[in-house]
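Going down the list, the protein sequences come from chains Z and E. The opening residue of the first sequence carries number 144 in the working numbering; numbering runs sequentially from there. The opening residue of the second sequence carries number 10 in the working numbering; numbering runs sequentially from there. Backbone N, C-alpha and C fix where the C-beta goes; we use that ideal spot for every residue, glycine too. Everything below concerns the one structure shown next.
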Amino acid sequence: MDLSTRLRALQKSAGMHQPPAMPATQALPPASPPTRSPHSGISAPDPAPSRRHPDNSPDQREAELALALQARVLTPGLLLVEQALGPQHVHGGIELSELQQLQDAVLGMPLPASSGGWWFMDTETTGLAGGTGTLVFLYGGLHFDGQCFTLRQWLLTRLAGEPALIDCVMESLQQSALMVSFNGKSFDMPLLRTRARLQRRSLPEQHLRHLDLLHPARSAFAQRWPDVRLQTAERRLCQFRRVHDLPGSEAPLAFLRWLREGTSAGLQRVVEHHRNDVLSLAGLTVALARAFLHPHLHDADAAGIVRRLRRQGYQVREGQAQLAFAP
Amino acid sequence: MPTDPALRSARSGDTPNLDAALREPPGPNNPANADPALALADRLQQHYGERITARIVQPARPARHAPFPSWLNPALVAALQQRGVAQLYSHQAEALAHVQAGRNLVVVTPTASGKSLCYNLPVLHGVQAEGAKALYLFPTKALAQDQVAELNELNRQAGLAVRAFTFDGDTPADARQAVRLKGDIVVSNPDMLHQGILPHHTKWAQFFEGLRYVVIDEMHTYRGIFGSHVANVLRRLRRVAAFYGSHPQFILCSATLANPVQLAEGLIGQAVSAVDRNGAPSGERHLLLWNPPVINPDLGIRASNRSQTTRIARMAVQQGLKTIVFANSRLMVEVLTKYLKDAFERDIQPRAHISAYRGGYLPNERRRTEQALRGDQVDCVVATSALELGVDIGSLDVCILNGYPGSIAGTWQRLGRAGRRGRAALGVLVASSDALDQYLVRNPEFFDAAPVEHGRIAPDQLLILMEHLRCAAFELPFRRGELFGEASVDEHLAYLAEQGVLHLEADRWHWMSDSYPANAVSLRSVADGNFLVIDQTDQRKEVLAEVDYSAAAMTLYEGAIYLVQAQPYQVEHLDWVGRKAFVRATRVDYYTDAIDYTHLRILDTFETRSDGAALCARGEVHLLRRVPGYKKIKYYSHENVGYGNISLPDHEMHTSSLWWQIDPAIIDQHFARRSEALDGFLGAAHALHLVAALRSMAERQDLGRAVGDGNGEWFATVGADSRGNARRPDGSRFDPEQGGDRFVPTVFLYDNFPGGVGLSEPLLALAGEIVQGAADLVGQCPCPQGCPACVGPILASEAQRGFSPKAAASRVLTLLGARAWT
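What follows is the structure, encoded as structure tokens:
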């Protein structure tokens with residue numbers, strides 16, 4: 144009796160859940176065609192046809208994906224999508240250049256000068272389970288040097304590219320004085336540290352300040368909104384609407400499909416989704432700063448904001464329409 | 010552990026010449042009954058002589074000492090000397106030498122022999138000298154906490170700066186980081202290692218880089234399925250440690266077993282040296298085996314052991330002897346505590362202080378009881394095995410076991426709780442009516458002779474192995490050709506890749522699934538698919554209990570009376586697919602017993618021993634279990650007061666088994682009727698099962714028993730008339746007289762776990778002794794025709810009919826065991 148027959152027999156006798164008889168790759172649901180989104184009311188265009196290239200070499204498939212994403216192949220297994228955005232870039236209803244005027248400490252944390260590099264960072268992973276078995280396959284962000292914005296996204300196309308990816312993670316951290324994330328303190332950074340450790344590296348973090356927008360967003364809006372997720376915040380505060388966005392929960396599947404079948408359509412949509420995420424981080428930083436200064440104008444919870452600022456050691460005076468505070 | 014006699018004596022301020030009293034054994038010039046515990050033993054024997062089946066005496070043993078090794082950190086030596094420990098015991102010195110030489114080690118010595126110094130000294134030394142890290146694993150959280158307290162005390166006395174922390178489910182989230190980064194010695198349990206540490210090993214990088222010692226105490230608890238899981242967790246531990254460049258040394262400690270080195274090597278996958286010559290002194294120890302009196306001679310039913318235990322405990326406390334009573338369930342702890350409190354309530358003398366101690370009490374409450382015991386504010390404590398292990402409760406005089414704890418090793422561990430320096434200790438094992446208890450009190454040599462219990466594990470059991478391969482792949486990618494345990498697992502990994510859990514790229518299998526596999530694997534349960542028992546009394550909808558998948562069909566059928574702490578609940582609805590049973594509290598005077606048709610078919614024979622007339626073999630079997638109905642049995646009278654039908658899916662399983670058969674021609678020569686032979690096989694199976702479980706240290710439900718046809722055409726059950734019935738798999742009656750030459754009744758003892766956990770192979774090696782043991786069990790039983798203690802329950806009508814199930818079983822056992830096997 145071969146192993147899988149024996150195992151099925153044993154699992155059946157143990158009353159265990161039966162594993163699918165066919166390989167899981169075939170059991171994956173088909174890449175869902177974009178449907179009419181009930182929120183946006185915009186009908187999505189047809190997706191790029193997803194192709195399967197069983198005969199092509201991995202290098203060739205990678206090259207084709209790079210072409211489609213307008214990316215560079217940094218090393219076999221790792222692509223870089225890089226794009227300079229003008230200083231006047233607008234995300235939703237927010238002009239990102241407003242970051243230049245951001246008042247120091249407005250979100251309850253002193254901010255290093257933007258000339259030292261601000262890094263609006265996010266990751267896409269093979270899951271939410273955490274631990275050593277979760278892989279970061281897309282890392283990147285929006286880099287702001289006080290003047291210009293540069294978008295950088297590193298995409299794993301093979302697991303062999305992970306050591307190079309970690310090098311890039313380390314470099315991006317070294318080039319920044321401030322990192323801005325959404326839930327990065329509990330999710331992205333522990334995961335990146337784990338991936339680095341598995342490559343026997345350690346992330347340079349000593350110099351880096353980390354502003355995790357989840358926490359100020361919660362203090363200002365947990366009492367106001369049904370949930371405080373990135374997409375809720377960007378919709379309400381930045382007036383940003385996504386068009387046939389790939390739900391974040393489908394990102395792991397898209398990566399698996401690429402690895403196992405070589406289909407890239409889903410992966411391309413993940414890159415687009417991630418791009419919107421990091422732009423929203425920049426937009427939200429501006430919008431949240433406004434809400435902290437003028438809670439009543441933005442329907443924010445002034446009491447929650449004051450509590451947070453006091454907890455961080457600030458003196459707060461509540462004015463008519465504005466909070467004034469000093470360290 | 011603070012129960013080390015050497016440590017204890019220093020605290021209680023005994024005379025410096027500790028061994029003087031022990032060098033004078035009780036003899037003619039030194040009458041035994043001068044000692045209060047022995048006086049009690051004498052009195053019990055005088056009054057209840059017929060209930061005492063044996064008095065086993067372990068003579069006092071003098072200490073054997075050895076000097077501190079010269080390399081040992083002088084601060085540690087000084088700290089011990091301050092405690093009054095001038096020298097080590099010989100086994101401690103021996104252990105230290107092994108550890109210093111870099112060898113893996115198993116220390117096998119009794120309770121209170123100072124075994125914790127065997128690991129604490131070299132570990133503290135290594136931590137101090139080289140910044141080494143150590144991981145301690147205990148089976149329970151309470152033991153881990155005790156060990157940290159002991160380590161901290163030694164550490165403080167020696168003025169070392171070693172940091173020891175517990176890390177378990179109770180460790181607050183904000184303290185975990187500190188444990189990971191600052192802990193020199195981390196004290197945890199296998200479950201936490203499996204689910205909390207290994208899957209997050211990168212957070213423990215510093216700890217693993219320095220990991221030099223792994224200490225595993227109470228090793229004998231890691232046997233069977235639990236032990237097979239733990240062996241795999243340790244494979245994962247070694248794999249992760251190796252990633253960080255560490256190859257730790259293992260120090261294991263165990264209660265007495267027949268095969269400690271084998272079990273230790275199976276657990277850690279490396280060669281192990283043994284230290285088993287105990288150098289610690291001990292006082293004289295008397296063990297009384299106590300059998301409650303027979304109250305129904307026809308059916309062999311005895312008085313309950315509860316009242317007997319209460320009586321003995323009361324006498325001991327009245328003599329001013331500090332007493333511990335062990336019960337085998339939490340419920341029984343409460344019952345006995347109440348009985349004892351009630352008993353002393355009626356006494357005119359100053360009221361004795363009785364305390365209960367069991368799992369389920371809050372930690373603070375338990376700590377308070379421990380303190381009260383150490384401070385002599387409690388006269389008698391009633392406890393579960395929660396107090397069996399190393400928790401420090403000071404010295405006691407008398408230990409009473411209300412029922413056999415399930416293993417000889419466990420019995421000695423509990424008895425080890427009693428014993429003060431220079432005084433004799435008394436233990437009393439009060440047998441229950443359970444067949445195993447009855448067997449043991451009639452065979453005192455089990456307590457006297459060399460250990461017979463084998464701790465067995467089967468780490469390569471396919472289901473268990475696959476679960477841990479998932480966990481291991483999650484922790485670190487597998488290289489093609491990498492060994493896990495002793496064997497390459499490429500085939501298994503390819504299977505997981507095919508299932509979409511792993512991804513193979515360039516000779517490496519990577520975890521590629523959004524799940525946390527360790528959460529799906531519980532080290533202490535058999536397989537997943539546990540049933541929840543939900544109490545819906547008064548619309549409550551509370552989870553009352555959890556039942557293993559394998560036991561569900563036999564206990565949770567609709568109409569079943571399910572007992573929780575003796576409170577009966579009736580199963581109203583069983584949701585088989587949803588794995589839930591809905592029950593309601595009820596009041597009934599009966600319990601239910603499922604009728605179980607177990608039908609085995611031999612698939613493959615691996616090994617056979619035969620003497621021509623009978624054979625014993627092992628191999629692979631297919632098992633089909635059907636539960637067609639149940640009986641309602643009235644309490645006390647054990648009358649059958651009704652039946653119910655059960656409609657449940659069949660349970661099928663491939664597993665391994667051991668079996669015995671007798672040549673059909675020989676059966677016909679020895680039995681007038683084949684139906685009597687069948688009864689003989691059923692009775693023999695009952696006895697063989699009991700003895701085999703005892704030898705293999707298996708829980709009895711882990712080792713199944715069945716009687717059926719060697720060709721798989723029929724199987725036998727004990728019917729409502731208490732007689733053997735043979736049935737075909739479709740349930741129709743089979744008449745053995747019509748079977749012709751193909752009547753081959755077979756006793757099966759099978760591994761009650763899919764695929765088996767390796768019980769049958771060692772059992773075949775012991776087959777001769779098992780048959781002999783079973784023959785003695787039946788032959789020496791004082792009942793006339795058979796009783797629950799030998800061939801299983803019989804009915805009164807049996808005796809009147811003039812047929813003796815006992816005689817039939819004896820005949821079968823004689824045929825099975827008469828000649829030498831080849």
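Problem set entry | Whole-angstrom distance between PHE757 of chain E and SER666 of chain E, CA atom to CA atom | 6 angstroms
Exercise. Sorted by chain position, which residues of the same chain lie with C-beta nearer than 6 angstroms to ASN2 of chain E's C-beta, five sequence neighbours on each side aside?
Worked result: Any answer about residue 2 of chain E is impossible in this case: the structure gives chain E only from 10 up to 831.
For this session: Output, in chain order, the set of chain Z residues within a Cβ distance shorter than 7 angstroms of GLU500 of chain E.
Result: LEU146
For this session: Answer yes if the region 128-144 of chain E comes into contact with the region 193-210 of chain E, meaning at least three C-beta pairs across the two stretches below 8 angstroms, and no otherwise.
Result: yes
For this session: Note down the Cα distance separating ASN3 of chain E from GLY415 of chain E, rounded to an integer number of angstroms.
Result: Only positions 10 to 831 of chain E appear in the structure, and residue 3 of chain E is not among them; the question remains open.
Exercise. With HIS417 of chain Z and ASP265 of chain Z assumed to form a contact (beta carbons below 8 angstroms), what rounded beta-carbon distance in angstroms separates them?
Worked result: 6 angstroms
For this session: Just the chain E side, please: which residues come within less than 9 angstroms of THR269 of chain Z by C-beta, in chain order?
Result: TRP520, MET521, SER522 and ASP523
Problem set entry | Close-in-space but distant-in-sequence residues of the same chain around GLY184 of chain Z (CB under 7 angstroms, 5 per side omitted) | Note that GLY184 of chain Z scores 35 on pLDDT, short of 50, meaning its location in the model is unreliable; the coordinates nonetheless yield the value given after this. Excluding positions up to five away in sequence, the list is empty.
For this session: Alpha carbon to alpha carbon, how far is LEU152 of chain E from LEU396 of chain E? Give it in angstroms, no decimals.
Result: 10 angstroms
For this session: Check whether the Cβ of ASN326 of chain Z lies closer than 9 angstroms to any Cβ atom in chain E.
Result: no
Exercise. Name the DSSP bridge partner or partners of ASN268 of chain E?
Worked result: Note: ASN268 of chain E sits in no beta bridge, so no partner.
Exercise. Using a beta-carbon distance below 9 angstroms, is GLN226 of chain Z in contact with chain E?
Worked result: no
For this session: Take CYS311 of chain Z and list the residues in its own chain whose beta-carbon comes closer than 6 angstroms to its own, dropping the five residues that flank it on each side.
Result: TRP297
Exercise. With THR319 of chain E and ALA352 of chain E assumed to form a contact (beta carbons below 8 angstroms), what rounded beta-carbon distance in angstroms separates them?
Worked result: 6 angstroms
Exercise. For GLN154 of chain Z and chain E, any beta-carbon pair shorter than 9 angstroms?
Worked result: yes
Exercise. If we call anything under 9 angstroms between Cβ atoms a contact, is VAL530 of chain E one with GLU476 of chain E?
Worked result: yes
Problem set entry | PHE724 of chain E - partner residues in DSSP beta bridges | E:GLY717 and E:ARG736
Exercise. Can the beta-carbon of ALA434 of chain E be found closer than 9 angstroms to that of TYR413 of chain E?
Worked result: no
Exercise. Shorter than 9 angstroms from the beta carbon of PHE216 of chain E to some beta carbon of chain Z?
Worked result: no
For this session: Measure from the C-beta of PRO771 of chain E to each C-beta in chain Z and report whether the shortest distance is under 9 angstroms.
Result: no
Problem set entry | Cross-chain neighbours of HIS512 of chain E in chain Z, by beta carbon under 9 angstroms | LEU302, LEU399, LEU402 and ARG403
Problem set entry | Residues of the region 170-192 of chain E whose Cβ lies closer than 7 angstroms to any Cβ of chain Z, in chain order | none
For this session: Closer than 9 angstroms, Cβ to Cβ, to anything on chain E: give me those residues from the region 259-288 of chain Z, in chain order.
Result: THR268, THR269, GLY270, LEU271, ALA272, GLY273, GLY274, THR275, GLY276, THR277 and LEU278
Exercise. If you compare alpha carbons, which of E:GLN279, E:SER237, E:VAL249 and E:TYR231 is closest to SER263 of chain E?
Worked result: E:TYR231
For this session: Can you grab the Cα-Cα spacing for the pair HIS353 of chain Z / VAL498 of chain E, in whole Å?
Result: 43 angstroms
For this session: Report the neighbours of ARG149 of chain Z on chain E: residues whose CB is nearer than 7 angstroms to its CB, in chain order.
Result: LEU471
For this session: If I'm right that GLY713 of chain E touches TYR639 of chain E with Cβ under 8 angstroms, what's the distance once you round it to whole angstroms?
Result: Not really, about 19 angstroms apart at Cβ, beyond 8 angstroms.
Exercise. Counting along the chain, where does the alpha helix (DSSP H) carrying HIS695 of chain E start and finish?
Worked result: 683-705
For this session: Check ASN528 of chain E in the structure and name its three-state DSSP category.
Result: helix
Exercise. For the beta strand (DSSP E) that LEU228 of chain Z lies in, which residues bound it at each end?
Worked result: 221-228
For this session: Would you verify that the beta carbon of LEU250 of chain Z is, or is not, closer than 9 angstroms to some beta carbon of chain E?
Result: no
For this session: Look at the Cβ atom of THR664 of chain E, then the Cβ atom of VAL630 of chain E, and state whether they are nearer than 9 angstroms.
Result: yes
For this session: Below 8 angstroms on the Cβ atoms is my guess for PRO78 of chain E versus ALA106 of chain E; work out the distance and round it to an integer in Å.
Result: 7 angstroms
For this session: Output the distance between the C-alpha atoms of ALA104 of chain E and GLN386 of chain E, rounded to the nearest integer angstrom.
Result: 37 angstroms
Exercise. Which parts of the region 615-685 of chain E are runs of the beta strand (DSSP E), unbroken and 3 residues or longer, counting only runs that do not cross its ends?
Worked result: 623-643, 649-654 and 660-671
For this session: From the DSSP output, in three-state form, read off GLN90 of chain E for me.
Result: helix
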